[in-house]
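The sequence shown lines up with residues 7 to 203 when you count with the working numbering.
For each residue, glycine too, the CB sits at the ideal point set by N, CA and C.
A quick write-up on the structure given underneath.
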Amino acid sequence: MAKEKKSSKTKTPTMPERKTRRITDDKILNAINDQIVLEQYSAQYYLAMSAWFEDKGLEGFARWYYIQHQEELDHAMIFYNALHQFGLKPVLGAIDAPPSDYESIEDILEQTYKHEQYITDSIHNIAQIAQECQDFKAITLLDWFIDEQNEEEDNTSSNLERYRLFAKENGQALYSLDNELGQRTYTKPQKLVDYEA
Ligand code: MG
Numbered sequence: 007m008a009k010e011k012k013s014s015k016t017k018t019p020t021m022p023e024r025k026t027r028r029i030t031d032d033k034i035l036n037a038i039n040d041q042i043v044l045e046q047y048s049a050q051y052y053l054a055m056s057a058w059f060e061d062k063g064l065e066g067f068a069r070w071y072y073i074q075h076q077e078e079l080d081h082a083m084i085f086y087n088a089l090h091q092f093g094l095k096p097v098l099g100a101i102d103a104p105p106s107d108y109e110s111i112e113d114i115l116e117q118t119y120k121h122e123q124y125i126t127d128s129i130h131n132i133a134q135i136a137q138e139c140q141d142f143k144a145i146t147l148l149d150w151f152i153d154e155q156n157e158e159e160d161n162t163s164s165n166l167e168r169y170r171l172f173a174k175e176n177g178q179a180l181y182s183l184d185n186e187l188g189q190r191t192y193t194k195p196q197k198l199v200d201y202e203a
């Protein structure tokens with residue numbers, strides 16, 4: 007049997023077509039575009055609540071909600087930047103006006119907790135789409151948001167519970183809670199710091 011002659015020239019191997027899909031699925035792109043609007047709406051919603059508290063003279067609550075509004079803007083920008091990193095173009099939508107009047111402190115704290123639960127559901131929904139599409143970059147991104155939502159729900163339910171337990175019918179306790187919430191400081195998420203560096 008004759009031996010096959012080996013070519014002295016090195017051939018470039020033909021790579022098989024890439025099987026791992028990159029984040030190019032329209033479903034993911036649309037879902038993240040919608041989420042950007044939702045995060046921006048959340049920012050407006052919390053800023054409107056901050057304005058309500060400011061108007062009532064509750065400066066600590068006002069500060070807490072002002073920082074919450076900054077965090078929501080950060081969330082929107084993290085999704086926005088991520089789309090660029092994935093090689094996709096964000097499409098921005100309209101942001102609805104939030105309500106400007108609220109019934110009471112309790113009403114705001116309740117709405118906030120419910121809103122965060124709604125955001126969690128929305129993040130879970132995108133995570134599910136990402137898994138179905140096997141978009142691993144999106145899955146990693148959404149893991150960060152799942153942890154973040156866990157914190158958001160913890161913080162907002164704790165504010166509501168503590169208000170009901172101590173401050174709802176006690177002016178001194180309300181004064182203390184307002185002072186405590188006023189100590190909140192803003193920290194830019196590391197994800198955003200890294201991207202902007
Ligand atoms: Mg958010």
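So, is residue i buried or exposed, given that buried needs 16 or more other C-beta atoms within 10 angstroms?
i: Lys17; result: exposed
i: Glu202; result: exposed
i: His90; result: exposed
i: Thr193; result: exposed
i: Glu122; result: buried
Output yes or no for whether 8 Å exceeds the beta carbon distance between residue i and residue j.
i: Lys33; j: Cys139; result: yes
i: Asp31; j: Asp184; result: no
i: Leu115; j: Leu147; result: no
i: Gly99; j: Asn39; result: yes
i: His75; j: Leu53; result: yes
Let me have the residue list for ligand 1: C-beta closer than 6 Å to any non-hydrogen atom, ordered along the chain.
-> In chain order, the qualifying residues are Glu45, Ser48, Glu78, His81 and Ile125.
Looking at C-beta atoms only, is the number of pairs between the segment 65-72 and the segment 130-137 that lie closer than 8 Å three or more?
-> These segments do not touch.
Are there three or more Cβ pairs, one per stretch, closer than 8 Å when the segment 68-85 is compared with the segment 44-52?
-> Contact check between the segment 68-85 and the segment 44-52: three or more CB pairs, one atom from each, fall below 8 Å, which counts as touching.
Could you tell me whether the segment 158-178 touches the segment 99-112, using the rule of 3 or more Cβ pairs below 8 Å?
-> Flag = yes, the segment 158-178 and the segment 99-112 touch.
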